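Read the structure below first, then the notes.
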Amino acid sequence: MLGVQDETAVTQKARAAQSWTRDAALALYQLPFNDLLFRAQSVHRQQFDPNRVQLSKLLNIKTGGCPEDCGYCSQSSHHSTGLAASKLMDVEVIVAEARKAKDGGATRYCMGAAWRNPKPRDMDAIVEIVAGVKALGLETCMTLGMLDRDQAERLREAGLDYYNHNIDTSESYYPNVISTRTFADRLQTLDHVRQSGMKICCGGILGMGESEADRVDMLVTLANLPEPPESVPINMLIPIAGTPLAQSPRIDPLAFVRVVAMARIMMPTSFVRLSAGRSAMSDEMQALCFFAGANSIFVGDTLLTAGNPEAAADRSLFDRLGLQAL
Ligand code: SAM
Ligand code: DTB
Ligand code: SF4
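For the sequence shown, the positions run 403 to 728 when the working numbering is used.
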């Protein structure tokens, strides 16, 4: 017989694994705003403390010169963004930065590299970095581009907790954003990560000129993965001068909030991260995102290459909303 806790786990897993149809998701997206947000907040309260938000910190451990042509990215060598490329940072510098982030209240340390995929010669250094950051007692996350099965296995053995690999948009809009890899490539790496036993951080970007149907399709893909991602970053495009998508029309803030609410309802047990783009959001928009079920943010004034709100601004926002760090 199952114990109470086992039963809860089984029910949660069954609920999490429900498959969403595009029609059901579209119906949700089109609900009156108040109905959608009420549902999202109700789901949120069943799974999480509504006044706690998880804090992650990002570090770009290898900047620029990336061979991929992602239309939003400052680090692609296909675009002239004026960003200077650098080599992989030394492990000591990374660990010192991670210690500062821990002192600042972050519980997860996310490290990004502007690679299409890690090369075999990079793997020893990466393993050392994971071990060094983990030894501080932080959760570790990396985003290094595509991984093969062996690389995913090696990262898990090194103690990496999460791997971030975004699908970014819908399958049909994907070729408008990136031409150097396919949506299927993305899903394959996610499968390697899942098989290795690491947790998945996977989401997308809004405001790249995609349609409402694309937003809904992206969420359906995420929610219908064999297991939903444990962490779902919802980014608002940060327009970067020199990139092909820099002139995209800004997304309606209320449409952005709707997507956050949808992510909460469709992936009830996942952390939904209000990710890139907070510097361009009003406090009121962020407050609505938290009400819609976002319960994670990046802290610190820099993301990978772009800006993020200062610590003082986030402290003041949390105080005004009665929010606390998890
Ligand atoms: N190279 C790795 C990869 O793409 O998998 C990791 C780094 S990449 C910069 C991580 C994610 O950041 C992208 O998948 C994208 O969702 C997000 N991102 C990058 N540039 C952005 C921008 N200008 N605005 C919003 N999100 C962005
Ligand atoms: C994610 O979804 N957003 C983060 C993280 N995963 C790696 C990256 C945001 C990058 C924003 C643009 C920049 O800093 O260059
Ligand atoms: Fe490279 Fe990642 Fe930027 Fe794409 S998003 S160009 S893969 S660093």
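Heads up, the beta-carbon is just placed ideally off N, CA and C, and yes, glycines get one too. Here the structure is a predicted model, which means the values were calculated and not measured.
Per DSSP, the bridge partner or partners of residue i
| i | result |
| --- | --- |
| V455 | A727 |
| L624 | In DSSP, L624 forms no bridge with anything. |
| Y564 | C543, K601 |
| S478 | C468 |
| D550 | DSSP lists no partner for D550. |
| C512 | L460, C543 |
| L592 | Paired residue(s): none; L592 is not in a bridge. |
| S677 | Beta-bridge pairing links S677 to no other residue. |
| T704 | G709 |
| M638 | L608 |
| S698 | Q456, R675 |
| S633 | C603, F673 |
| D374 | Lying before the first or after the last residue shown, residue 374 is absent from the chain, which here runs from 403 to 728. |
| D570 | G606 |
Local Cβ density within 10 Å of residue i, reported as buried at 16 or more and exposed below that
| i | result |
| --- | --- |
| Q553 | buried |
| V495 | exposed |
| L608 | buried |
| L656 | exposed |
| T582 | exposed |
| N436 | exposed |
| E612 | buried |
| Q649 | exposed |
| N453 | exposed |
| P520 | buried |
| Q477 | buried |
| K502 | exposed |
| S684 | exposed |
| Q726 | exposed |
| S672 | buried |
| G695 | buried |
| P631 | buried |
| T487 | Rather than Thr, the amino acid found at residue 487 in this sequence is Ala. That one is exposed. |
| P577 | exposed |
| P628 | exposed |
| A416 | In this prediction, A416 scores a pLDDT of 44, lower than 50, which makes its location untrustworthy; no coordinate-derived value is stated. |
| S724 | One detail in the question is off: residue 724 reads as Gly in this sequence, not Ser. So G724 counts as exposed. |
| G702 | buried |
| A665 | buried |
| P522 | exposed |
Near ligand 3: residue i beta-carbon under 7 angstroms from a heavy atom
| i | result |
| --- | --- |
| E530 | no |
heavy atom of ligand 1 below 7 angstroms from residue i C-beta
| i | result |
| --- | --- |
| I607 | yes |
| I640 | yes |
| L706 | yes |
| A554 | no |
| A533 | no |
Heavy atom of ligand 2 within 7 angstroms of residue i beta-carbon
| i | result |
| --- | --- |
| C512 | yes |
| T509 | no |
| N568 | yes |
| D696 | One detail in the question is off: residue 696 reads as Ala in this sequence, not Asp. No, the Cβ of A696 stays beyond 7 angstroms of every heavy atom of ligand 2. |
| S677 | yes |
| L460 | yes |
| T545 | yes |
Proximity test, residue i beta-carbon vs ligand 4 heavy atom, cut-off 7 angstroms
| i | result |
| --- | --- |
| P635 | As far as ligands go, the structure on display features ligand 1, ligand 2 and ligand 3 and does not contain ligand 4. |
Segment contact, 8 angstroms Cβ cut-off, at least three pairs: the region 534-545 with the region 505-516
yes
With a cut-off of 8 angstroms, do at least 3 Cβ pairs link the region 442-450 to the region 711-722?
no
Considering only heavy atoms of ligand 3 and the C-beta of each residue, which residues fall inside 5 angstroms, strictly closer?
C468, E470, C472, C475, Q477, S478, A516
Stretch-stretch touch, CB-based, cutoff 8 angstroms, three pairs: the region 520-539 with the region 466-473
no
Contact between the region 476-483 and the region 425-436: three or more CB pairs below 8 angstroms?
no
Can at least three beta-carbon pairs, one atom from the region 644-659 and one from the region 702-712, be found at a separation below 8 angstroms?
no
With contact counted as at least three CB pairs below 8 angstroms, one residue from each stretch, are the region 569-578 and the region 596-606 in contact?
yes
Would the region 680-688 count as touching the region 451-463 if we require 3 or more Cβ pairs under 8 angstroms?
no
Could you say if the region 651-665 and the region 621-638 meet the contact criterion of at least three C-beta pairs nearer than 8 angstroms?
yes
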